[in-house]
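Peer 1:
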Amino acid sequence: MPAIPSRVPLFATAMLGCLFAGGLGGCATPPPGGSAEAVQEYRQTNDPLEPTNRFFYKVNTGIDAAVFKPAAEGYRFAVPRPVRNGVHNALANLSSPVTLANDIMQPSPRRSGDTLMRFLINSTVGIVGFFDVAKGLGYPPHDTDFGITMALWGVPSGPFLFLPVLGPSDPRDFAGFGADIAMDPFTWVGSGTTVTALNVGRYAVSAVDARERVLGEVDQIKKTALDPYATFRSLYRQHRQSEIDETRNDKRATVPAWFPQPPAPAAPAGAANPPPTAPGQTPK
Amino acid sequence: MRRTQFLLSGLALGLALLLSAPRARAQDAAAFVRQTGDALVQVVNSTAPRPTKREELERVLDRTVDVEGIARFALGRFWRAANPQQQQEYVHLFHEVLLNSITSKLGEYRGVQFTVGRTVPRQGGATVQTVILRPNNPPTNVQWVVADTGGSAKIEDVIAEGTSLRVTQQSDYISYLQHNGNSVQALINALRRQLAQASG
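Chains as they are written, first to last, in the numbering used here: chain A, 1 to 284; chain B, 285 to 484.
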């Protein structure tokens, strides 16, 4: 996809955000009378809503300290690691329909096959996904969502957003998050208090599981970074870009095993995922 | 959020390189990384007391990693705004902070194993891909950007699961500077405070 930074959606989003947050003075402005370098830096950072984002970062830190971190620490203390891994596998298995739909839409044919086989094998032999049997059979796990799907279609990410509870994000990925919930069959199946309770329970366990997996890393950043907000912003963007690149560069053959296989593609120089450049540039 | 600890763990694996580092051509870069990793695993698993381990790490860090290059990159355009004395002090502080981060992670890497994957040549060196396996953790992909600096190989950057150490540090420091009046002295003071807290 061409790496043309699309100014119009960015500008429109920023304007909308500014109108919304205008009363709070929530928009950052380029450095007044600043050097060309400073202005370029501002554009590269692509965080016109920075004051608002920092506010929500503080809010999030509070919620995290009060709710999520203690829950995650308790979870780590009370539940042994193999069981935690099993829970993570089972949760991933439950998301298989959404993962599969995204794989198909991207389109990533080989990964779609992986997801389907993983779902079938792990749900049965792996006992509702608790044991990841499929990995050993040649179907590696992967995570994907509608945000990545849209990125592969060429939708630019838009300015950085820091959302309460969800954390670092951007308009594209936030829309993707909503779309994934809408695509999830479990959202629509059944009605009544039991079903609602199960769904809420599933999201709650997902949140605690996700928080537990990054306990050490988040602590390290908060302790050693001079500006943790900027560090999280940078890491989020780099990681997101690397997920998108990895999906795009997955060129494993899609020819069935019993068919004559095409020759393996020669790896061109620089075929590795390109090293991350300045984060904030609208990704391809 | 992903595993930023691997930024430093990956860097830690770059330490412990031996004295006569060969020119980092593509085929040598892989050997360089393998030697480095093996030697580092030895340090990690050794039973020496922590201060000794830290000294060993420091010696190797200086020999194998282009710390000044990373520090310079992290400061971005503000490097030119600093006077030579500030530049020197900043690089020294950066070196200490980096060493502290790596040393604090040593315990988590007991029993670590790694495999060297593909080497991708690039201008002035090569990028070597490795997979790092810590016991009870999923495998992590770490790329080592190895550069030829005047005849000896040096590690210029570590990219763990797609996140680059240099780029992340730069984002952190540039943002801090922007919010503290573009003053390099303020950054230096903040680094000093950070070091004092760590040792206090």
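The beta-carbon is built from N, C-alpha and C at its ideal position, and this holds for glycine as well. Just so you know, these numbers come straight off a predicted model, no measurement behind them.
In terms of residues, what are the limits of the beta strand (DSSP E) holding B/Gly-409?
Peer 2: For the purposes of this step, residue 409 of chain B is identified with residue 125 of the second sequence, where counting begins at 1. First-last of the beta strand (DSSP E) with B/Gly-409: 409-417.
Peer 1: Using the C-alpha atoms, what's the distance from A/Ile-244 back to A/Asp-143?
Peer 2: As a working note, residue 143 of chain A is residue 143 in the first sequence. As a working note, residue 244 of chain A is residue 244 in the first sequence. Cα to Cα, A/Asp-143 sits roughly 11 Å from A/Ile-244.
Peer 1: Between A/Phe-119 and the rest of its own chain, which residues show a CB-CB distance below 6 Å, the 5 nearest in sequence each way excluded?
Peer 2: Along the first sequence, read from residue 1 onward, the residue named residue 119 of chain A stands at position 119. Cβ within range, chain order: Ser-96.
Peer 1: Using three-state DSSP, classify B/Asn-384 as helix, strand or coil.
Peer 2: Indexing the second sequence from 1 puts residue 384 of chain B at position 100. Helix at B/Asn-384.
Peer 1: Can you list the beta strand (DSSP E) stretches of 3 or more residues lying completely in the stretch 137-178 of chain A, in chain order?
Peer 2: 161-163 and 167-169
Peer 1: Mapping DSSP to helix, strand and coil, what is A/Asn-85?
Peer 2: Walking along the first sequence from the start, residue 85 of chain A turns up at place 85. Residue state, collapsed to three classes: helix.
Peer 1: Nearest CA to the CA of A/Ala-65: which residue from A/Arg-237, A/Val-208, A/Leu-198 and A/Phe-160?
Peer 2: As a position in the first sequence, residue 65 of chain A is number 65, starting the count at 1. For the residues A/Arg-237, A/Val-208, A/Leu-198 and A/Phe-160, the minimum Cα distance to A/Ala-65 belongs to A/Val-208.
Peer 1: Measuring CB to CB, does B/Thr-452 end up less than 8 Å from A/Thr-224?
Peer 2: Walking along the second sequence from the start, residue 452 of chain B turns up at place 168. Walking along the first sequence from the start, residue 224 of chain A turns up at place 224. Result no, Cβ atoms of B/Thr-452 and A/Thr-224 do not sit closer than 8 Å.
Peer 1: Please tell me whether B/Gln-289 has its Cβ less than 8 Å away from any Cβ of chain A.
Peer 2: The residue labelled residue 289 of chain B in the question sits at position 5 within the second sequence. Cβ-Cβ to chain A under 8 Å: yes for B/Gln-289.
Peer 1: Please list the partners that A/Gly-216 has in chain B, where partner means a Cβ-to-Cβ separation under 7 Å.
Peer 2: In the first sequence, counting from the first residue as 1, residue 216 of chain A sits at position 216. Going along chain B in sequence order, the residues near A/Gly-216 (Cβ under 7 Å) are Gln-289.
Peer 1: Please confirm whether A/Gln-220 and B/Thr-447 have their CB atoms less than 8 Å apart.
Peer 2: As a position in the first sequence, residue 220 of chain A is number 220, starting the count at 1. As a position in the second sequence, residue 447 of chain B is number 163, starting the count at 1. No, the Cβ-Cβ distance between A/Gln-220 and B/Thr-447 is not below 8 Å.
Peer 1: Which partner residues does B/Phe-493 have in the DSSP bridge list?
Peer 2: Residue 493 of chain B is absent from the structure shown; chain B starts at 285 and stops at 484.
Peer 1: Using a beta-carbon distance cut-off of less than 9 Å, what residues from the stretch 433-449 of chain B approach chain A?
Peer 2: Asp-441, Ile-443, Glu-445, Gly-446, Thr-447 and Ser-448
Peer 1: Taking 8 Å as the cut-off, does the stretch 54-65 of chain A touch the stretch 158-175 of chain A (at least 3 CB pairs, one atom from each stretch)?
Peer 2: yes
Peer 1: Helix, strand or coil, according to DSSP, for A/Lys-58 in the structure here?
Peer 2: As a first step, residue 58 of chain A is located in the first sequence; it is residue number 58 there, counting from the start. In this structure, A/Lys-58 counts as helix in the three-state DSSP scheme.
Peer 1: Would you say A/Ala-225 lies against chain B (beta-carbon separation less than 8 Å)?
Peer 2: Translated into positions along the first sequence, residue 225 of chain A becomes position 225. Yes, A/Ala-225 lies at the interface with chain B (some Cβ there is under 8 Å from its Cβ).
Peer 1: From the DSSP output, read off the bridge partner residues of B/Thr-433.
Peer 2: The count along the second sequence starts at 1 and reaches residue 433 of chain B at position 149. Answer is B/Ser-436, bridged to B/Thr-433.
Peer 1: Here's a check: name, in chain order, each residue in its chain whose Cβ is nearer than 7 Å to the Cβ of B/Val-400, leaving out the five neighbours to either side.
Peer 2: As a first step, residue 400 of chain B must be located in the second sequence, where it is residue number 116. Counting only residues of its own chain and dropping the five nearest sequence neighbours on each side, B/Val-400 has a CB closer than 7 Å to the CB of Ala-314, Val-317, Arg-318, Val-412 and Thr-414.
Peer 1: Between the Cα of B/Leu-436 and the Cα atoms of B/Tyr-457, B/Gly-408, B/Ala-444 and B/Ser-455, which residue gives the shortest distance?
Peer 2: Translated into positions along the second sequence, residue 436 of chain B becomes position 152. According to the sequence displayed, residue 436 of chain B carries Ser and not Leu. The option with the nearest alpha carbon to B/Ser-436 is B/Gly-408.
Peer 1: Quick one: is A/Leu-137 buried, meaning 16 or more other Cβ sit within 10 Å of its Cβ, or exposed?
Peer 2: Along the first sequence, read from residue 1 onward, the residue named residue 137 of chain A stands at position 137. A/Leu-137 sits exposed, since fewer than 16 C-beta atoms from the chains shown fall within 10 Å of its C-beta.
Peer 1: Could you check whether B/Asp-350 and B/Thr-403 sit closer than 8 Å to each other, using their CB atoms as the reference points?
Peer 2: Taking the first residue of the second sequence as 1, we reach residue 403 of chain B at position 119. Taking the first residue of the second sequence as 1, we reach residue 350 of chain B at position 66. No.
Peer 1: What three-state label does DSSP hand B/Leu-295 in the structure shown?
Peer 2: Here residue 295 of chain B corresponds to residue number 11 of the second sequence, with the count starting at 1. Looking at B/Leu-295 - three-state DSSP - the assignment turns out to be helix.
Peer 1: Between the stretch 386-396 of chain B and the stretch 321-337 of chain B, do at least 3 Cβ pairs fall closer than 8 Å?
Peer 2: yes
Peer 1: Please classify B/Arg-406: does DSSP put it in a helix, a strand, or coil?
Peer 2: Taking the second sequence and counting its residues from 1, the one referred to as residue 406 of chain B is at position 122. Strand, per DSSP.
Peer 1: When we look at the beta-carbon of A/Lys-251 and count the other beta-carbons within 10 Å, is it buried (16 or more) or exposed?
Peer 2: Within the first sequence, numbered from 1, the residue matching residue 251 of chain A stands at position 251. Exposed is the call here.
Peer 1: If the cut is a Cβ gap below 9 Å, which residues of chain B does A/Arg-81 touch?
Peer 2: Translated into the one-based positions of the first sequence, residue 81 of chain A becomes position 81. Here the neighbours are Asn-420.
Peer 1: Below 7 Å CB to CB, which residues in the same chain sit around A/Pro-262 once its five sequence neighbours on both sides are set aside?
Peer 2: Position 262 of the first sequence, counting from 1, holds the residue named residue 262 of chain A. Within the same chain, A/Pro-262 has close Cβ partners Ala-253 and Val-255.
Peer 1: Which ranges would you report for the alpha helix (DSSP H) in the stretch 321-400 of chain B if only whole runs of at least 4 residues count?
Peer 2: 334-348, 351-359, 362-365 and 368-389
Peer 1: Compare the beta carbon distance of A/Leu-100 and A/Ser-108 with 8 Å and say whether it is the shorter of the two.
Peer 2: Translated into the one-based positions of the first sequence, residue 100 of chain A becomes position 100. Translated into the one-based positions of the first sequence, residue 108 of chain A becomes position 108. No.
Peer 1: Alpha helix (DSSP H) containing A/Pro-185: first to last residue?
Peer 2: On the first sequence, position 185 is the one that residue 185 of chain A refers to. Looking at the DSSP string, the run of the alpha helix (DSSP H) that includes A/Pro-185 is 185-188.
Peer 1: Need the endpoints of the alpha helix (DSSP H) that B/Asn-421 sits in, please.
Peer 2: Here residue 421 of chain B corresponds to residue number 137 of the second sequence, with the count starting at 1. No alpha helix (DSSP H) contains B/Asn-421, which DSSP labels as neither H nor E.
Peer 1: To the nearest angstrom, how far is the alpha carbon of B/Leu-449 from that of A/Arg-233?
Peer 2: Counting from 1 along the second sequence, the entry for residue 449 of chain B is found at position 165. Counting from 1 along the first sequence, the entry for residue 233 of chain A is found at position 233. Between B/Leu-449 and A/Arg-233, the C-alpha separation is close to 14 Å.
Peer 1: Out of A/Pro-82, A/Glu-246, A/Asp-103 and A/Tyr-236, which one is the CA nearest neighbour of B/Asp-456?
Peer 2: The sequence position of residue 456 of chain B within the second sequence is 172, counting from 1. With distances taken between Cα atoms, B/Asp-456 lies closest to A/Tyr-236.
Peer 1: What residues of chain B sit near A/Leu-161, judged by a beta carbon separation below 7 Å?
Peer 2: Taking the first residue of the first sequence as 1, we reach residue 161 of chain A at position 161. Neighbours of A/Leu-161 on chain B: none; closest Cβ ~16 Å, over 7 Å.
Peer 1: Please state whether DSSP places A/Ala-230 in a helix, a strand or coil.
Peer 2: Your numbering for residue 230 of chain A matches position 230 in the first sequence. Correct three-state label for A/Ala-230: helix.
Peer 1: Listing by chain order, which chain B residues have their CB less than 8 Å from the CB of A/Leu-235?
Peer 2: In the first sequence, counting from the first residue as 1, residue 235 of chain A sits at position 235. Ordered by position in chain B, the residues that pass the 8 Å Cβ test against A/Leu-235 are Met-285, Arg-286, Thr-288, Thr-447 and Thr-452.
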